[in-house]
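Reviewing the structure listed below.
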C-alpha cells in the first residue's frame with residue numbers, strides 16, 4: 011500500500027468523551043470515528059486491523075471444525091418469545107416494529123436463530139455434532155456506552171454455537187473451542203488468560219472467560235503463575251490461610267483504642283500485625299415479608315483484618331441469598347453501639363456469627379468490644395465465644411495458596427474478549443430443538459456457545475500495548491507490519507529508488523508494508539506511524555544511503571539501528587515472520 | 011473441504027412462498043433459509059458464494075483506488091434530518107427509537123454517514139479525490155419482500171462514494187467505477203450489460219445500471235449488439251423509422267371495418283401491413299384546478315399501429331407532465347364515439363394532436379373514422395389534416411435503429427445488480443461538506459455513489475444459469491469449483507485411495523474442491539451436487555479405475571467423459587483455471 015492511495019486520519023487531540031487510553035488512541039490514530047453514542051465508523055486503518063483479527067479467528071474456527079454461516083442482524087420477536095428472552099432480556103435488547111407493526115429485535119446474540127436453524131436442519135444423531143459460527147454485527151443498547159469499542163452499542167462479534175447429542179459430546183465440543191480460543195489469542199500476539207467462571211447450570215467448569223491482561227482491565231483476576239489456574243477474584247475459592255487453630259496463649263482483655271475504628275488503626279495502635287485483627291460486617295435478612303413489623307435476622311460476618319468481603323460468596327450461603335447490609339439503627343439495636351467497634355462478644359441481642367475460614371482458625375485475636383473506643387484482645391474461639399459458622403466469604407488476595415494446590419496466587423487485571431459457555435439444553439428445551447437418537451427417540455440437542463468480541467479485541471490489545479507516542483501493535487493485527495519512511499521521496503532520486511526497491515522486495519516477501527509517499531515532513535511521518543503503531547519502521551535517507559545504510563527501528567526500541575541497505579528488506583521481513591510465528 | 015466436515019442442507023421441495031426459480035433453487039440447494047419476510051439465514055453453502063462475490067468486488071474496488079472502511083448499520087436520525095431524507099424517504103426507511111427515545115434508522119444506504127465522514131476528515135483539495143467503499147449489511151423495509159434474495163429486506167451491499175473537487179473529477183471517478191464494475195461482472199462470469207439511465211441531475215449519462223441478462227428479469231433493456239448502447243426500454247430514444255415522408259398516392263376513403271377496433275384487426279381486414287395503420291390514444295389534462303367545472307384539454311396521441319406508448323416520454327412533453335388517460339365520457343364528448351374507431355379527422359371538439367416521430371413521417375395511412383365500425387384509408391398529413399406536433403412518445407422495439415447510429419436494437423430482460431450514479435453536490439450542499447480549493451475558498455465536494463447488490467448477484471446468477479436439475483454456477487462464484495464423488499468411499503480402498511489422492515492434488519493446485527465422503531448413494535450424491543450447481547464433477551468408481559479411468563462431467567455437459575486417472579486432477583484444474591480467466 012502506498013500512503014498516497016490510502017486514507018490516514020490522525021489527530022493531534024483525543025475527543026473529550028474518550029476516557030481510556032485505547033479509546034483516545036483509536037480516535038487519534040484514525041481507526042474509529044463516532045457516529046452516535048457507542049456507534050462508530052471504522053476508518054480504513056481501523057478496518058485493516060479488524061480484518062486481520064477476523065481472519066485469524068476464521069482460520070482457527072475452521073481448523074477446529076466449526077462451519078461458517080451468516081444469520082441476520084434483524085430477528086423476529088417470535089423466536090425470542092419462544093425462548094423466553096423477549097420478556098427476560100432488559101432494555102439492552104433493542105426492540106422495534108417494522109412497517110407492518112410486527113415486532114423485531116436487533117440481535118445482541120443469536121441463540122434463538124441458530125437453535126431455529128438446528129431444529130429445522132438436524133433430524134438425526136448422525137448429523138451431530140455440528141458447530142455453526144458467524145462473524146457478524148451485533149447491537150446491544152447499553153445504557154451508558156463508553157470506552158470506544160470496549161463497550162459500544164454496535165459491534166462485531168464472532169459467535170459460535172455447538173450442538174451435541176449428549177453432555178459428553180458438549181464437553182468435547184467445548185474443549186475444542188477452548189483450544190481454538192487459546193490458539194487465536196496466542197496468534198493475535200496478546201498476553202491473555204482463560205479464566206474459570208462457574209455458570210452453575212451444568213456444573214464443573216462450564217464456562218471460561220478469555221481475558222487480555224491489562225492494568226486498566228475492568229476485571230480483577232486471580233491466577234497461579236505456576237499452574238493453569240485462573241478465576242475472577244469474585245469466583246476464586248479462598249483457602250484458609252491458617253491451617254490449624256493454635257491454642258490460646260493470652261487472656262481476653264478489653265483495651266482502649268480511641269479513634270481506632272478500622273483494623274489497620276487498631277493494629278498500629280496496639281503494635282500488632284494486621285493479621286491478628288478481625289473485622290466485623292453486619293448483614294440483615296428480612297423475615298416474613300407479609301408482616302411489616304417482623305424483626306430481621308442479623309448476621310455478623312467476621313473476616314481477618316486484611317481480608318475483603320465477597321458478596322457473591324455471601325449470597326450463596328444458606329439463608330443469605332437476599333442479605334443486605336444492616337442499617338445503623340439495626341446495628342445500634344443489636345450491638346448497643348454504632349459501627350466502628352463492633353464484635354461478636356457481648357451483643358445486645360442475639361446475632362448469627364459467620365467466620366470466614368481463615369478467621370475461624372485464628373487465636374489470640376482482636377475484635378471490637380461493642381463499646382465505642384474499645385477493642386478486646388486475646389480473644390479465642392470456644393474459650394471466649396461459641397464456635398462460629400465457618401464459610402468462605404472473602405476475596406482471595408495476592409499470596410494466597412492457589413485452589414489447585416499448585417502454587418501461590420497473584421492478582422492481575424483483565425479485559426474480557428472471549429467467552430466459552432456450556433449452555434446445555436436451555437434453548438433446545440424451550441424451542442423444542444430435538445434430534446432422533448440411536449433408538450429413534452427424540453432428545454434435546456445439548457448446546458454450547460462461544461463468543462469473541464472482534465472489535466473489542468482492538469481496544470484490549472491497545473490497553474495492553476501502548477506508550478506515550480501511541481499504539482504498539484502486535485504484528486498479527488497491526489494495520490501494517492512495516493512502514494517505509496523515505497526522507498524526501500519527491501526530491502531525491504536516490505531515496506525514491508531505494509524506497510521503491512524496498513517496497514517491492516517487502517511486497518514480494520508477503521509483508522504488509524506501507525510506503526509513506528505523502529511528502530510529509532519527517533517529524534509528521536514519524537509521529538503518525540508511531541501513533542498508528544506500526545511495529546517496524548525503515549527510514550530511507552540520503553545520508554545513510556551514502557554509507558549504504560538504512561535506519562531500522564522497532565516500535566518498542568529506544569534507539570534506531572543501521573542495516574545494510576541491500577539486506578534491509580530481508581532483515582525486517584525476518585523480524586515480522588519471527589514475531590508472527592511466536 | 012470434506013463433506014463430512016461441512017453442512018449440506020438440500021431439500022427435495024421448494025417452499026410455497028418461492029415464486030421464482032432462483033428463490034426456489036437457493037432454498038433447495040441449502041443456500042438460504044427464511045427467518046422472517048425478506049430476512050434470511052445464509053447457510054454455509056450460500057455464504058461461500060457470497061464470500062467469493064465479495065472478494066472479487068473488493069479486489070476490483072481496491073485496484074480502482076477505492077479505500078475500504080466500514081460504517082454502522084444503525085444511524086442517528088440527525089444525519090437524515092440534515093440531508094432532508096428523514097422526511098422524504100418513505101416507509102422503506104426503518105425508523106426506531108433507542109432506550110433513551112432518540113431516533114435512529116437502519117441504514118438502507120450510507121450517503122449521509124459518508125458525507126459526515128468527508129466533511130470532518132477532508133479539509134483541502136489536496137485530499138481529493140477520494141473514494142470510500144464498504145461491504146455491509148443494509149435494511150430496506152420493503153412492503154412486499156419476495157423473490158428470496160432478489161428483493162429482501164436485510165441484504166448485503168457494496169457501496170462506494172467518491173468525492174471530487176469538481177465535475178470533471180467526478181466524471182473521472184465515475185469512469186473508474188464504471189470500468190471496475192465491468193471488470194467485476196466479467197470476472198463473476200455473468201452475461202451483463204451496462205444500461206444508460208439518465209438521472210437528470212447532472213446531465214449526460216450521469217447514471218448507469220448494470221444488469222445481469224436473464225429471461226426472467228424485471229426490466230426490459232434495449233441494446234445494440236454491435237455497439238455499447240444499452241438503455242432501459244422506457245429510457246431509450248426511438249428514432250423515426252421512416253426517414254422522410256413519401257408523397258401521397260391514395261385518395262382518402264372511409265371504409266367499413268366492422269368489429270375491427272384494433273389496428274391488427276384493421277390491417278388483417280384490409281389486407282395491409284400493420285405498419286400502414288395508426289393507433290389513437292386519448293389523454294386529458296385538467297385546467298384550472300380551482301374551478302371544478304373547467305373543461306380539460308384533450309390530447310390525441312398517434313402512434314404507428316405496431317408501436318407502444320411510452321408514458322415516461324409523454325410526461326416529459328410540454329403541457330403533459332400531469333396527463334391522464336381520458337375517460338370514456340370525455341372521449342364521447344370530444345370524438346362523438348366511444349373508443350375503438352378514433353382518429354384525428356372529424357373530431358366533435360378540437361383536440362391537440364401529437365404524432366410520434368415515426369407516425370409523423372407516414373403517408374397513405376389508416377386511422378379511425380370517429381364512427382363506430384369505420385376507418386379512413388389513404389390519409390396524408392398536410393393534405394387531409396393539419397401537421398401534428400411531433401415527438402418521441404413510443405417505446406423502442408427490436409429492429410429499431412440504435413440511437414448511437416451503430417446498428418440495430420435488440421430487446422432483452424435484465425436484473426439490476428449494480429448502479430453507478432453521479433450525485434453532484436446534492437448531499438454536500440445539504441450537509442455543508444466543503445473543502446478549501448486552490449484559492450482557499452470553500453467549495454462543496456462533488457460526489458458520486460456506486461452500489462452493487464452482493465446477495466442479489468447470487469439470485470441473478472441463478473436466474474441466468476440453471477436447468478431442471480438445479481443451479482449451474484459460473485466457476486468464480488460456485489460454492490465449490492469441483493466435487494469428487496467416490497462410489498463407495500467407505501467400502502473400497504481403491505476408490506478411497508484415488509479420491510484422497512485427487513483431493514490432495516486439487517487442493518495443492520489451489521482448486522476449491524469438496525470431497526463427498528458422506529457415504530450417500532450415488533443418486534443422492536449426484537442430485538445434491540447438481541442441485542447445488544458445482545460446475546465440475548469427478549466420479550471415482552472401481553469399474554472405471556480398473557481401466558485407469560475417472561469419469562468427468564461438466565455441469566452443462568449432457569454426457570460424462572472418461573479421463574486417465576493420473577491426469578484427472580490436472581485436467582479438471584486446467585478447466586477451472588480456463589473458466590476463471592475468461
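Protein chains in written order, with our numbering: chain P, 11 to 592; chain R, 11 to 592. By construction, the Cβ of each residue, glycine as well, lies at the ideal position given by its N, Cα and C atoms.
Asked	Found
Roughly how many angstroms separate the alpha carbons of residue 355 of chain R and residue 397 of chain R, rounded to a whole number?	12 Å
Could you list which residues in chain R have their beta carbon closer than 7 Å to that of residue 101 of chain P, in chain order?	109
Short of 7 Å in beta carbon distance, which residues of its chain neighbour residue 32 of chain P, apart from the five on each side in sequence? Order them along the chain.	158, 160, 469, 472 and 473
With C-beta atoms as the reference, is residue 187 of chain P less than 8 Å away from residue 460 of chain P?	yes
Between which two residues does the beta strand (DSSP E) carrying residue 463 of chain R extend?	456-463
Out of R:275, R:174, R:538 and R:49, which one is the CA nearest neighbour of residue 383 of chain R?	R:275
For residue 385 of chain R, write down the residues that DSSP places opposite it in a beta bridge.	R:265 and R:378
Using beta-carbon positions only, say whether residue 190 of chain P and residue 70 of chain P come within less than 8 Å of one another.	yes
Within the 8 Å Cβ cut-off, does residue 51 of chain R reach chain P?	yes
In chain order, what residues of the region 116-136 of chain P put their CB closer than 8 Å to some CB of chain R?	116, 123, 126, 127, 130 and 131
In chain P, what lies closer than 7 Å to residue 147 of chain R by C-beta?	83 and 147
Identify the continuous beta strand (DSSP E) that holds residue 362 of chain R and give its terminal residues.	362-366
Quick check: is the beta carbon of residue 161 of chain R nearer than 8 Å to any beta carbon in chain P?	no
So for residue 212 of chain P, helix, strand or coil by DSSP?	Interpretation of residue 212 of chain P is limited by its pLDDT of 44, a score under 50 that renders its predicted location unreliable; no figure is taken from the coordinates.
Where residue 551 of chain P and residue 505 of chain P are concerned, what is the direct C-alpha to C-alpha distance, given to the nearest angstrom?	6 Å
Residue 65 of chain R lies in the alpha helix (DSSP H); which residues open and close that run?	54-73
Consult DSSP for residue 236 of chain R and reduce its assignment to one of helix, strand or coil.	coil
Take the Cβ of residue 108 of chain P as the centre, count every other Cβ of all protein chains shown within 10 Å, and call the residue buried at 16 or more, exposed below.	buried
Given a threshold of 16 other Cβ atoms within 10 Å of its Cβ, counted over all protein chains shown, does residue 236 of chain R qualify as buried or as exposed?	exposed
Please tell me whether residue 79 of chain R has its Cβ less than 8 Å away from any Cβ of chain P.	yes
Quick one: which unbroken beta strand (DSSP E) runs of 3-plus residues sit fully inside the region 298-361 of chain P? Chain order, please.	307-314
Return the residue from the list R:478, R:480, R:251 and R:509 that minimises the CA-CA distance to residue 493 of chain R.	R:509
Is it right to say residue 590 of chain R is buried, meaning 16 or more other beta carbons lie within 10 angstroms of its own, or is it exposed?	exposed
Between residue 140 of chain P and chain R, is the shortest Cβ-Cβ distance under 8 Å, so that the two count as touching?	yes
Using 8 Å as the cut-off, can you tell me whether the region 29-48 of chain P makes contact with the region 547-561 of chain P, which would need three or more C-beta pairs spanning the two stretches below that distance?	no
DSSP three-state call for residue 167 of chain P: helix, strand or coil?	strand
State the Cα-Cα distance for the pair residue 286 of chain P and residue 429 of chain P, rounded to the nearest angstrom.	40 Å
Taking residue 497 of chain P as part of the beta strand (DSSP E), name the residues at either end of that continuous run.	Neither: residue 497 of chain P is in no beta strand (DSSP E) and is coded neither H nor E.
Can you list the residues of chain P that residue 104 of chain R reaches, using a CB-CB cut of under 8 Å?	106, 108 and 109
At a Cβ threshold of 8 Å, is residue 421 of chain P touching chain R?	no
Helix, strand or coil: which one does DSSP assign to residue 295 of chain P?	strand
Can you pull the chain R neighbours of residue 57 of chain P, defined as C-beta to C-beta under 8 Å?	78, 79 and 80
Measuring alpha carbon to alpha carbon, tell me which of R:168, R:245, R:325 and R:433 ends up nearest residue 61 of chain R.	R:168
Excluding the 5 residues preceding and the 5 following residue 132 of chain P in the sequence, name in chain order all residues of the same chain whose CB lies nearer than 6 Å to its CB.	445
Beta-carbon of residue 43 of chain P versus every beta-carbon of chain R: anything under 8 Å?	yes
Cα-Cα, which of R:512, R:529 and R:519 is closest to residue 547 of chain R?	R:512
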